[in-house]
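Asks:
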Amino acid sequence: MAISKTSNNNKAGTQPNRKGALPLITILSLLLVAIAVGASGWWTYQTQVVAVEQQRLQELVKEQAQRRAHAIRTYIREQQKQLNAHAHRDVVVQAASGEKQTHSGVLRSLQKAYSQAQSFRLLDLQRQDRLTGETADDSARVDGETLGFTELDMIYRAEQRKPVAPEARKVGKEWQLLFITPVATDDQAEPVGTLLVILSANTLKKKLAALDPQLGRTSLLRRSGGKAVVIAVGAGGSGNKVTTPVPDSVWQVQFQASPMLAAQVEESPWLLVAVHLLAAVVLLGLTWWITGRLDPNRRRAAVAAVAEVPLQGDALHALQLREDDRELLGLAKRDAVKRPLQTPTERADVPAEVFRAYDIRGRAADQITPALAELVGRAVASEALAAGDNNLFVARDGRLTSEALTEAVIRGVLSTGCNAIDLGLVPTPLLYYATCALPDSNSGIMITASHNPAPYNGFKMVIGGRTLVDADVQRVRQRILSDDLCRGAGEKRQLDVSGAYIDRILGDVALAGDVKVVIDAGNGVTGSVAPQLFTELGCVVEPLYCELDGNFPNHDPDPTIADNLRDLIQRVKESDADLGIALDGDGDRLVLVTPAGEIIWPDRLLMLFAKDIVSRNPGADVLFDVKCTRELNQLVSSYGGRPIMWKAGHSQMKSKMLETGALLGGELSGHIFIKDRWYGFDDGMYVAARLLEIMTLRDQDADSLFASFPLPPSTPEILVPVAESQKFQLVDRLIKEGDFQNGNAITIDGLRVDFPKGWGLVRASNTSAALTLRFEAESEAVLQQLQGLFRRELLKVDTTLNLPF
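See the structure below:
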């Protein structure tokens, strides 16, 4: 049978192009050419005009920033030179040494030389102001402001003839500049006192205002923190900010270009536009001609008719191929769904419950085994290699199982091709120090269970300078389960980091007096480092339980439990010590005891550091965990800082410190993180050294120092044992079902409910099978009410809970 197909039969076919309509091929071709020319024009504009403008503007901004930094440096040198000259005058030396009783002439001379000065302090070595008769450590005031940590630190360093850069401080809404110099007959003579001058920052502002302020905004910032604007001149708004340090100072200049400066580097785009328009016309015309030659619907040749073409019936049959022929010809389905990745198989020797929110921790007998340690070593080393670190620091604490676990970890590390640098038996802060300060690597693993009892052990991990947390810890487990592990042959070497660590602290912390301390290492690993550190700082050290013993025979290495501090309290009182320092098993946490035997919990210690650091760096962020007192919020805000509440856990806090750029953070558990002059990791020994520096600079004992930071009635951290598998579900149910009336619920970590007169907290512990509770209120009566409310709601969720209140 024959079937004829003609041009008139279009019932089942595609309608032919109407006369005069452009075919699809022409439209697509012209569109592609237009897009190509447009994209080329945009790319050329960005690379040849915008990029050149930005580069030139960046160079101009950098030049202006350096110009202003040089002007500030010149101003500092002029003021310091003038001050030094006055400090060498006989009349000033005699006044400072107490030889002259009438100092009105000295004051008039200084006022004449420094007409812009707001006040002066001429202090002898006993910190007695020879101009006013007041004592700098007690009631001394400058324009109604008590001298703070900054001024006392400047005085101490000047007395020691150490270089002292000028400082800035904010009084009310105005900034002041502080210059100091030792008073002596010449540069080689022994100082008999110090001369401190306080200038208004407006004097420097006027100098900066003379440097073409219409070109951009100039801001003078402190290098540490970099948020507090001491001086701001001009108006910016165009381009990125450029920051450059001011030599011989703690300041830096930030400059941002104004539209006027940006206009100086503008490039005209019209030549570029003309070239691309011409190219567009030529290419579109060429495309029209080429598509016309290829498209029969645009040919001028007339077509008289369409001949009928007989088709055989067999041609109607679709081409049939066998499936194997289709595969042979490559015609098999190309959109086949990819085979899903297999879920890693669970393994009994890699228990999920030990991979916690911020480390790996469990019972050494049946969970943290050498077999698991080797797997963890392989996984962590694989992570380090992926982060670009070919070396991995390995360290351990003094637990009975730590040495065998360390050997297993190192075997795992070496099997990946990563090199192992064995730091040996050291506290965790020394591992952190190595990853921050040494050039060998930014990654490491610490074998420790921190404050947990002797039967436990675990691993703290740092990759690329970041402590692993949450998903990072789970990624280590997933590497093990899926066998996503590198293979190779690494090398092992030993490294002693203790000396470098101690030298670094000695170069940073200076004590201005004699101090006696009792150090309770809890038979942990800090017993070999802390006594040496504080002895070299100049302290009289009385060690308590500093002998290494992985059985922890005297008490568990957890200083946040009051019962563990009884011996330290007694020893501090008996020895008439200035401070008792209790460190946990691996040295990254601490709790303090005063001479009167009062326990200083870490959130109260954090208040002292917040005052010290924020007062010198207004605008600085301060982190604290959900277990800390809410008095911190008010104190940080009162000194111009920004308080941030965050999740509990050393890894959580360190991640948030990096995210926010905070200079200070802390937890009730004793982890204190100082980024001011330090690296921002938790280090109980360094924190204690900084506290002693404050005590000696202010010449105050610990009891009077912390009397300025009273706390309302509160409970310590309360642990309620629950099943490991149930603790998070219990908290989730409490959040959903709990009735806390008009309380404000905060759920960033468990459930914290704030009330006008107090607050309560319930969260799942990340280091043990327990719920963590804490309460604080304005009175003991309200505290009891809060506990009663939480008891009622907790027992609604689980009637079997053994609540100790």
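Numbered per this note's numbering, the sequence shown finishes at 1024, counting up by one with no gaps.
Yeah, the Cβ is synthetic: ideal placement off N, Cα and C, and Gly gets one too.
Below 7 Å CB to CB, which residues in the same chain sit around P750 once its five sequence neighbours on both sides are set aside?
Replies: I738, V760, P762 and C765
Asks: Per DSSP, R441 is paired with what?
Replies: Per DSSP, W470.
Asks: What separation, rounded to the nearest whole angstrom, lies between the Cα atoms of L604 and C637?
Replies: 7 Å
Asks: On the CB-based measure, 16 or more other CB atoms within 10 Å of its CB, does G977 come out buried or exposed?
Replies: buried
Asks: Kindly list the residues whose CB is nearer than 6 Å to the CB of G957, restricted to its own chain and excluding five residues on each side of it in sequence; keep chain order.
Replies: E1012
Asks: S338 lies in the alpha helix (DSSP H); which residues open and close that run?
Replies: First-last for S338: A336 to D343, but that is the beta strand (DSSP E), not the alpha helix (DSSP H).
Asks: Over the uninterrupted alpha helix (DSSP H) stretch that includes Q265, give me the two end residues.
Replies: From DSSP, Q265 is part of no alpha helix (DSSP H); its letter is neither H nor E.
Asks: At a cut-off of 7 Å, would you count R952 as near the ligand HEM, judging by its Cβ distance to the nearest heavy atom?
Replies: Summarising the ligand content, the structure contains no ligands, and the ligand HEM is consequently not present.
Asks: Report the rounded CA-to-CA distance for R917 versus V728, giving the unit in angstroms.
Replies: 14 Å
Asks: What number of angstroms, rounded off, separates the C-alpha of S923 from the C-alpha of G880?
Replies: 32 Å
Asks: Please say whether S601 and T635 have beta carbons closer to each other than 8 Å?
Replies: yes
Asks: Roughly how many angstroms lie between the CA atoms of V599 and L649, to the nearest whole one?
Replies: Whole-angstrom Cα-Cα distance: 19 Å.
Asks: Throw me the rounded Cβ distance for the L882 and I832 pair, which I believe falls under 8 Å.
Replies: 5 Å
Asks: Let me confirm a value: P466 is counted as buried when at least 16 other C-beta atoms fall within 10 Å, else exposed. Which label applies?
Replies: exposed
Asks: Excluding sequence positions up to five away, which residues of its chain have a Cβ less than 7 Å from the Cβ of N985?
Replies: Only R575, A576, Y577 and G868 meet the Cβ criterion.
Asks: Is it a yes or a no for the segment 661 to 681 touching the segment 768 to 786, going by three-plus beta-carbon pairs under 8 Å?
Replies: When C-beta atoms of the segment 661 to 681 are compared with those of the segment 768 to 786, three or more pairs fall below 8 Å, so the two segments count as touching.
Asks: For a minimum of 3 consecutive residues, which ranges assigned as the beta strand (DSSP E) are wholly contained in the segment 626 to 685?
Replies: 638 to 644, 663 to 666 and 675 to 682
Asks: Taking only three categories from DSSP, how would you classify D822?
Replies: helix
Asks: Would you identify the three-state DSSP class for Q198, choosing helix, strand or coil?
Replies: The requested residue 198 is not part of the displayed model; the chain covers only 220 to 1024.
Asks: Put T413 into one of helix, strand or coil per three-state DSSP.
Replies: T413 falls in the strand class under three-state DSSP.
Asks: Run through DSSP, which three-state label would Q475 get?
Replies: Judged by DSSP in its simplified three-state form, Q475 adopts strand.
Asks: To the nearest angstrom, report how far apart D805 and V312 are at their CA atoms.
Replies: Going by the C-alpha atoms only, they are around 51 Å apart.
Asks: Determine the direct distance from the alpha carbon of G859 to that of G390, and round the result to whole angstroms.
Replies: Per the sequence shown, residue 390 should be read as Val rather than Gly. Approximately 11 Å between the Cα atoms of the pair.
Asks: Using CA atoms only, rank isn't needed, just tell me which of R896, R982, L851 and V950 is closest to L930.
Replies: L851
Asks: Have a look at A520 and V501 and give me their C-alpha separation to the nearest angstrom.
Replies: Unreliable positioning characterises A520 in this predicted model, as indicated by a pLDDT of 36, which lies under 50. The coordinate reading is nonetheless provided below. Their backbone Cα atoms lie some 27 Å apart in a straight line.
Asks: Counting only the same chain and skipping the five closest in sequence on each side, list residues whose C-beta sits under 8 Å from that of S660.
Replies: For S660, same chain residues with a beta-carbon under 8 Å away, outside a window of 5 residues either side, are A603, D608, N609, N610, L611, F612, I640, A653 and T654 in chain order.
Asks: Assign A255 to one of two classes, buried (16 or more other C-beta atoms within 10 Å of its C-beta) or exposed (fewer than that).
Replies: By the neighbour-count rule (16 or more Cβ atoms within 10 Å), A255 is not buried but exposed.
Asks: Pull up the distance between the alpha-carbon of M876 and that of R340, whole angstroms please.
Replies: 38 Å
Asks: So, A304 versus V472, is the Cβ gap smaller than 8 Å?
Replies: no
Asks: Mind reading off the beta-carbon distance from V950 to A983? Whole number of angstroms is fine, and I expect it under 8 Å.
Replies: 5 Å
Asks: Is A668 closer than 8 Å to L642 when the C-beta atoms are compared?
Replies: no
Asks: Please go through the same chain and pick out, in chain order, the residues whose beta-carbon is closer than 6 Å to the beta-carbon of F828, but skip the five residues on each side of it.
Replies: Only L883 meet the Cβ criterion.
Asks: Is L1002 closer than 8 Å to V981 when the C-beta atoms are compared?
Replies: Judged by beta-carbon spacing, L1002 lies beyond the 8 Å limit of V981, meaning their Cβ atoms are not closer than that value.
Asks: Tell me which residues share the same chain as G631 and place their Cβ nearer than 6 Å to its Cβ, disregarding the 5 neighbours each side in the sequence.
Replies: E593, G596 and R597
Asks: Measure the alpha-carbon distance for I291 versus T463 and round it to whole angstroms.
Replies: 12 Å
Asks: Determine the extent of the beta strand (DSSP E) in which R580 is found, giving its start and end residues.
Replies: I579 to R582
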